[in-house]
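One line per chain: the protein sequences are E and R, in this order.
According to numbering that gives the first Met the number 0, the residues represented by the first sequence are 0 to 333, in order.
According to numbering that gives the first Met the number 0, the residues represented by the second sequence are 0 to 251, in order.
Ideal Cβ placement from N, Cα and C applies to all residues, glycine included.
Before any comments, here is the structure.
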Amino acid sequence: MIRVSHLTKRYGAHTAVDDVSFEVGAGEVVGFLGPNGAGKSTTLRILAGFLGASAGTVTIAGHDVRVDSLEARRCVGYMPESVPLYPEMRVAEYLRFRAELKGVPRARRSAHVDDALRRAGVVDVANKTIGHLSKGYRQRVGLADALVAKPPIVVLDEPTAGLDPNQIRETRALVRELGREHTVLLSTHILSEVEACATRVLLMHKGKLLAEGATERIRAMRRPTAVDVTIHGDLSAAAAVLRGVDGVARVDPVASAADDRRERLRVTFGVAGAASEDADVEALATERCVAALVANGVGVREVRAADGSLEDVFAALTLDGGAAVPTAGGTESE
Amino acid sequence: MRSFWPIFKRELFAFFVTPLAWVLILVFVVVQGMHFFVLVDHFANTENIAGDETPLSAFFGNTVLHYMVLFMLVPPMTMRLFAEERRSGTIETLMTAPVSSAAVVLAKYAAALATYCAMWLPTVLYLVILARADPGGRLDTHVAASAYLGVLLVGAGYLAIGLCASALTKSQFLAMVFTALVLLAFFIMGVGEFVTRDGTTMHAVCGYLSVWSHMNDFASGLVDSRRLVFYGTMIALPLFVATRAVDSWRWG
């Protein structure tokens with residue numbers, strides 16, 4: 000449905016998107032993952048026809064966005080990151096305007112608007128002025144707008160930004176439901192969001208596509224390869240004990256400015272940075288660490304898995320491309 | 000061009016749902032009403048009126064009030080057309096819908112022009128009053144039609160300039176100032192017709208650009224093809240530039 004090849008967008012000397020290529024098939028829910036400023040929004044804006052590419056081609060449902068811009072735009076329902084709306088219009092009024100603008104025939108317009116209102120969960124505010132709505136409702140009106148023409152492709156730029164936890168859960172459920180009828184491409188900088196919604200992940204960093212792969216692969220990569228151990232006693236002695244444990248690669252003190260008496264060590268397992276295929280390796284090594292500490296008279300107060308952050312995943316991907324399907328961009332950056 | 004209607008309707012809606020349009024129309028009607036009153040009073044109390052001077056021609060061109068009103072009204076009417084959408088980001092949803100740049104520009108322009116026409120609509124009443132006041136019924140409808148054509152053309156040209164300014168900047172304030180400056184420049188060139196010596200090039204240029212002499216022609220029933228070409232250009236050129244500007248955002 001979406002085919003992007005060698006897409007590049009430059010702003011003067013700054014390259015926002017650098018030689019990005021990927022494909023999205025019909026019925027897929029694809030998550031665009033990357034930290035802020037990675038070039039996700041720029042890529043989506045080019046897909047939606049708002050920005051022009053400096054180089055490369057984008058084809059939406061067979062229509063080139065440059066040559067056949069109107070047809071390509073007709074196939075996409077796009078929700079921009081800031082969800083811009085006309086504050087002076089009422090919700091249903093706005094959706095009717097958008098439906099007409101997107102070429103929904105008059106006879107089917109009301110049905111489309113009703114459907115979009117229902118699916119986005121904004122039926123109860125249909126007659127309210129948009130300017131008076133809360134952030135959560137505005138976000139959902141933006142979603143309704145993306146759906147109103149029933150486009151084959153839905154592109155959502157950070158659909159859960161600024162929502163409260165309940166609304167985030169609802170939005171994720173909605174995105175999953177959309178996947179049944181539409182091809183969905185959404186961007187986010189939150190790893191768990193992609194895990195919750197998407198079947199496939201595209202990882203972007205500094206304008207380059209680092210890697211792509213099924214969500215399970217990314218989830219596996221996030222599995223912690225390190226634990227933080229809080230001990231009571233002599234820090235250097237404890238570190239020496241831990242270094243002797245089988246499977247431990249590194250032991251570093253973790254600065255805890257809040258409380259000097261609680262000493263914390265970060266224990267990294269296996270080969271630095273790389274995730275092993277077997278989850279039990281880390282778990283068994285953790286057990287051995289605790290047993291060794293206790294046997295040597297060191298009090299263990301807390302053992303906690305170090306958070307597998309987005310940075311860890313990036314590190315894993317850039318260091319070991321074998322975990323996911325590496326792209327041209329990914330191998331180059333090594 | 001199928002997207003023309005929805006955008007046109009939304010723009011009109013945006014004009015009339017905010018107080019701005021109503022304030023502008025109110026100001027306009029009050030000023031024009033006073034203007035009309037002063038003129039009628041003047042003509043009623045003057046014994047010997049210069050031959051070709053009629054209340055109609057005076058109302059539509061012979062006083063500075065006519066132009067002052069246009070300076071004050073056109074910039075605030077056009078400043079928000081594009082600048083507001085770009086500032087608030089709604090331009091992103093608008094331009095990612097299947098709409099062509101030309102349709103967007105023309106729809107917004109047509110909405111501004113329709114509002115402008117709505118502003119002038121109450122002044123038709125003055126003609127009715129004049130016709131009734133003259134028992135002979137000698138109100139020349141052709142001259143009135145020509146005067147309104149002039150009003151339409153001048154307004155259409157000014158609005159096109161205003162729309163273009165709005166497409167060139169993200170700031171509504173800058174768009175307003177820029178529009179006002181351009182309109183003022185045209186007006187000052189017109190004044191130049193009176194201060195330059197007859198026969199010089201400057202005099203000819205000023206005469207050609209002078210909105211004052213244009214309106215005097217139209218208000219006395221003279222529809223000159225040079226004026227039509229002038230205003231046709233003044234409408235088409237800014238609209239073309241605005242369309243190219245809308246296209247160019249994509250590459251910014």
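Could you check the C-alpha separation between residue i and residue j for me, to the nearest Å?
i	j	result
H188 of chain E	V154 of chain E	15 Å
H65 of chain R	D197 of chain R	26 Å
R249 of chain R	T41 of chain E	11 Å
L93 of chain R	V302 of chain E	53 Å
V297 of chain E	T267 of chain E	19 Å
H41 of chain R	A144 of chain R	23 Å
I129 of chain E	A25 of chain E	33 Å
G272 of chain E	I90 of chain R	Note that G272 of chain E scores 44 on pLDDT, short of 50, meaning its location in the model is unreliable and no value can be drawn from it.
A146 of chain R	A218 of chain R	4 Å
E215 of chain E	D163 of chain E	26 Å
R72 of chain E	F14 of chain R	28 Å
G178 of chain E	E27 of chain E	7 Å
F21 of chain E	F96 of chain E	33 Å
D139 of chain R	L167 of chain R	43 Å
I1 of chain E	L185 of chain E	13 Å
H141 of chain R	D216 of chain R	13 Å
V3 of chain E	G149 of chain R	53 Å
V200 of chain E	L173 of chain E	18 Å
D67 of chain E	A159 of chain R	29 Å
A294 of chain E	L190 of chain E	38 Å
W4 of chain R	A82 of chain R	21 Å
E176 of chain E	A174 of chain R	45 Å
S56 of chain R	V204 of chain R	24 Å
Residue i: buried (16+ other C-beta within 10 angstroms of its C-beta) or exposed?
i	result
R107 of chain E	exposed
M67 of chain R	exposed
V153 of chain R	buried
P104 of chain E	exposed
H5 of chain E	exposed
R9 of chain R	buried
A274 of chain E	Only weak support exists for where A274 of chain E lies, its pLDDT of 49 falling under 50; the value from the coordinates is given anyway. Burial call: buried.
K134 of chain E	exposed
L25 of chain R	exposed
M0 of chain R	exposed
L254 of chain R	This structure gives no information on residue 254 of chain R, because the portion of chain R shown stretches from 0 to 251.
H34 of chain R	buried
G243 of chain E	exposed
T199 of chain R	exposed
I6 of chain R	buried
D156 of chain E	buried
L94 of chain E	buried
P252 of chain E	exposed
Hey, would you say the C-beta of residue i is under 7 Å away from at least one heavy atom of the ligand GTP?
i	result
L208 of chain E	The ligand GTP is not part of the structure shown, which contains no ligands of any sort.
Report yes or no: do the segment 187-196 of chain R and the segment 209-217 of chain R share at least 3 C-beta pairs separated by less than 8 Å? Touching, per the Cβ criterion.
When Cβ atoms are compared, which residues of the segment 14-35 of chain R fall closer than 9 Å to chain E? Contact residues of the segment 14-35 of chain R toward chain E are V16, T17 (C-beta to C-beta distance below 9 Å).
Can you pull out the residues from the segment 92-104 of chain R whose beta carbon lies closer than 9 Å to at least one beta carbon of chain E? Cβ contacts with chain E: T92, L93, M94, T95, A96, P97, V98, S99.
Entirely within the segment 12-91 of chain E and at least 4 residues each: give me those alpha helix (DSSP H) ranges in chain order. Fully contained in the segment 12-91 of chain E are the following alpha helix (DSSP H) runs of length 4 or more, in chain order: 39-47, 68-73.
Touch test, the segment 204-216 of chain E against the segment 27-46 of chain E, Cβ-Cβ under 8 Å, three pairs minimum: These segments touch.
For the structure I just gave you, are there three or more beta carbon pairs, one from the segment 224-241 of chain E and one from the segment 50-62 of chain E, closer than 8 Å? As far as the Cβ criterion goes, the segment 224-241 of chain E does not touch the segment 50-62 of chain E, which means the pair count is below three.
Inter-stretch contact (C-beta, 8 Å, three-pair minimum) for the segment 114-132 of chain R and the segment 16-24 of chain R: Judged by Cβ distances under 8 Å, the segment 114-132 of chain R makes contact with the segment 16-24 of chain R, as three or more pairs qualify.
Whether or not the segment 227-234 of chain R and the segment 163-173 of chain R are in contact is what I'm after, with contact meaning three or more pairs of Cβ atoms, one per stretch, closer than 8 Å; do they touch? Taking 8 Å as the limit for Cβ pairs, the verdict is that the segment 227-234 of chain R does not touch the segment 163-173 of chain R.
Cβ-based contacts, 7 Å cut-off: residues of the segment 71-92 of chain R near chain E: Result list: S87, G88, T89, E91, T92.
Please give the ranges of any alpha helix (DSSP H) in the segment 163-223 of chain E, keeping only runs that are unbroken, at least 4 residues long and fully inside the region. Inside the segment 163-223 of chain E, DSSP marks whole alpha helix (DSSP H) runs of 4 or more residues at positions 164-177, 190-196, 214-221, from first to last along the chain.
Do the segment 138-153 of chain E and the segment 78-96 of chain E meet, that is, are 3 or more Cβ pairs less than 8 Å apart? The answer is yes - the segment 78-96 of chain E touches the segment 138-153 of chain E, with three or more Cβ pairs under 8 Å.
Quick test of the definition: if touching needs 3 or more C-beta pairs under 8 Å, does the segment 122-138 of chain E touch the segment 84-92 of chain E? Contact holds: three or more Cβ-Cβ distances are below 8 Å.
Below 8 Å, how does it come out for the segment 41-54 of chain E and the segment 6-25 of chain E: are there three or more Cβ pairs, yes or no? Yes, the segment 41-54 of chain E is in contact with the segment 6-25 of chain E.
Note down, in chain order, all residues in the segment 32-53 of chain E with a beta-carbon under 9 Å from any beta-carbon belonging to chain R. Within the segment 32-53 of chain E, R44, A47, G48, F49, L50, G51, S53 place their CB atoms closer than 9 Å to a CB of chain R, listed in sequence order.
State whether the segment 98-107 of chain R contacts the segment 174-187 of chain R, with contact taken as three or more CB pairs (one from each stretch) at a distance under 8 Å. No, the segment 98-107 of chain R is not in contact with the segment 174-187 of chain R.
For a minimum of 4 consecutive residues, which ranges assigned as the alpha helix (DSSP H) are wholly contained in the segment 100-135 of chain E? Runs found: 105-119.
Please name the residues in the segment 231-251 of chain R whose beta-carbon is closer than 7 Å to at least one beta-carbon of chain E, in chain order. Those residues of the segment 231-251 of chain R that come within reach of chain E (Cβ to Cβ, closer than 7 Å) are R249, W250.
Along the segment 154-180 of chain E, what residues have a CB closer than 8 Å to any CB found in chain R? Those would be none; no residue qualifies.
Taking a Cβ distance cut-off of 9 Å, strictly less, list which residues of the segment 152-171 of chain R are near chain E, in chain order. For the segment 152-171 of chain R, which is checked against every Cβ of chain E, not one residue is closer than 9 Å.
Going residue by residue through the segment 66-147 of chain R, where are the continuous alpha helix (DSSP H) segments of at least 4 residues, counting only ones entirely within it? With a minimum length of 4 residues, the continuous alpha helix (DSSP H) runs that stay inside the segment 66-147 of chain R are 79-87, 89-95, 100-119, 123-132.
At a Cβ cut of 9 Å, what residues of the segment 129-144 of chain E count as close to chain R, listed as they run along the chain? Among the residues of the segment 129-144 of chain E, those with a Cβ less than 9 Å away from any Cβ of chain R are G141, D144, in the order of the chain.
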